[in-house]
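Residue numbers (UniProt numbering): 1 to 482.
Where a beta carbon is used, it is the ideal one built from N, C-alpha and C, also for glycine.
These notes concern the structure reproduced below.
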Ligand SMILES: Cc1cc2nc3c(=O)[nH]c(=O)nc-3n(C[C@H](O)[C@H](O)[C@H](O)COP(=O)(O)OP(=O)(O)OC[C@H]3O[C@@H](n4cnc5c(N)ncnc54)[C@H](O)[C@@H]3O)c2cc1C
């Protein structure tokens, strides 16, 4: 077994891990680091998913990094463009040489006396084990299982004679022209795939149990174009980023303050895009806007496919699969050559790694999240979890900025470790994620909690987080430095 030591180990070479490495090289260039990546390529989500039309649901001015401008004309980017952007960032900050591919972290152990983490990895192709040591772990492993998406068990699924495909395992070449395709699901993936398959000539039915809020947004931002014209590109990027952060906070809060009015506003928008197709029941969700993640239809592509009769939506429940389609609870049958199960992801916390403290299992579910980026009682361990109501990157960037300040503080005062401690006697646990999504509910017991008050509370608000992570002092009576 080989052992290598660096100051920091970043787990995962996705958007968060690459971003964390760029931030380290910008703000803490004296720190040595490696990135341990389970797969054979960087990009995480953006190199894994290959379904047609794969794209961001967030605008790229906030989904992009704070330190790297987004120069494409499109506001919502396709998967390959995001991957290109991540590769460029990796090159610009010489991150690539630090990545160790096919190194799947399986266990972490923190030795309190030595103030040292030991990370054990397994090579995903040779099964060889390697041991790494470091002072700090940055857990950038995303939130879902990479090997398999979530598909519920459908009755008589094996009777279906066509192809069943989960979007996480999209086949290399799938010919859909003139095929009857049923897409099961109503989340962002289904809303992306449906218009794409319709464009490729398939007859598409989106089969949903219940509707989701979908809003058409222009894929070209006129104000952004104007700002790009008027200002140097870094300033323009920053201005557009703040504009979009401001818009999304306003929109989110309007949804929370005036749910009925916002519900009507969004449904009326759908009505306009759909032409004669009925919004009721297919586009009237039984929850308020932003209680679940919101879906975007860039340039109204999803509504256009329906309006033009190239795709349709059925709201019903599956009774069972048939050899040539799906029998619904209503008694209706949907004919299908291909069934796409856009039914979600399997949530995995911290890359599925076994975490130990002084060689004893550390129970993550008993810990509280400090400022959304550390776990109580677990020293020198930072987690990267983005926003659920805004771009992931806004929070992962702030997380890096905060860590940079903590590392500097430790060095300045000759400390080696930092640990968050709950000192409040009345702190109440609150579920970590406040979105009522299927995959979050299925896995709630694997996650740490947030608390009912700051700094244990996660507000999902960039402005509050900016103050807490970039402006407030690092020193806090809940942090033990040693
Ligand atoms: C289809 C899709 C579209 C999305 N669109 C948006 C969007 O528009 N806006 C938004 O804000 N969010 C979106 N998200 C959420 C998205 O996942 C995040 O925005 C972002 O890509 C997360 O980056 P990450 O690096 O934290 O995680 P990931 O992209 O999941 O990358 C994690 C990396 O860690 C590696 N890893 C995991 N476990 C281990 C281990 N044990 N050892 C070593 N390596 C490990 C993985 O192989 C992977 O490379 C989307 C998610 C999906 C699935």
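CB-CB length for residue i against residue j, believed under 8 angstroms
i	j	result
residue 190	residue 273	Not quite, the Cβ-Cβ distance comes to about 16 angstroms (not below 8 angstroms), so this is no contact.
residue 134	residue 7	6 angstroms
residue 179	residue 202	5 angstroms
residue 144	residue 432	Between residue 432 and residue 144 the Cβ distance is about 15 angstroms, and since that is not below 8 angstroms, they are no contact.
residue 218	residue 304	About 13 angstroms separates the two Cβ atoms, so there is no contact after all.
residue 396	residue 28	Contact doesn't hold; Cβ gap of about 16 angstroms is too wide.
residue 462	residue 394	5 angstroms
The alpha helix (DSSP H) enclosing residue i, as first and last residue numbers
i	result
residue 106	Per DSSP, residue 106 belongs to no alpha helix (DSSP H); it is in the beta strand (DSSP E), 103 to 111.
residue 26	15 to 27
residue 419	Counting along the chain, residue 419 falls outside any alpha helix (DSSP H), though it belongs to the beta strand (DSSP E) covering 418 to 420.
residue 55	From DSSP, residue 55 is part of no alpha helix (DSSP H); its letter is neither H nor E.
residue 116	Segment 116 to 123 is the beta strand (DSSP E) holding residue 116; no alpha helix (DSSP H) there.
residue 198	188 to 199
residue 227	222 to 230
residue 528	Nothing in the structure corresponds to residue 528, since the chain is present only between 1 and 482.
Residue i, enclosing beta strand (DSSP E) - first and last residue
i	result
residue 479	479 to 481
residue 325	325 to 328
residue 431	429 to 431
residue 215	214 to 217
residue 305	No beta strand (DSSP E) contains residue 305, which is instead part of the alpha helix (DSSP H) from 301 to 307.
residue 335	333 to 335
Sequence-distant residues of the same chain with beta carbon closer than 7 angstroms to residue i, five excluded per side
i	result
residue 365	445, 446, 447, 448
residue 140	10, 11, 12, 14, 16, 17, 20, 384
residue 327	319, 320, 333
residue 343	150, 151, 152, 184, 185
residue 24	8, 31, 33
residue 313	206, 208, 282, 306
residue 79	46, 49, 54, 55
Residue i, DSSP secondary structure in three states
i	result
residue 470	helix
residue 245	helix
residue 405	helix
residue 131	strand
residue 449	strand
residue 238	helix
residue 46	helix
residue 163	strand
residue 293	coil
residue 84	helix
residue 383	strand
residue 170	coil
residue 455	coil
residue 350	helix
residue 370	strand
residue 9	strand
residue 376	strand
residue 364	helix
residue 343	coil
Cut-off 6 angstroms between Cβ atoms - residues of its own chain near residue i, not counting five sequence neighbours on either side
i	result
residue 160	321
residue 325	333, 334, 335, 336
residue 355	108, 362
residue 157	321
residue 262	254, 255, 289
Close-in-space but distant-in-sequence residues of the same chain around residue i (CB under 8 angstroms, 5 per side omitted)
i	result
residue 231	239
residue 68	22, 85, 88, 89, 92
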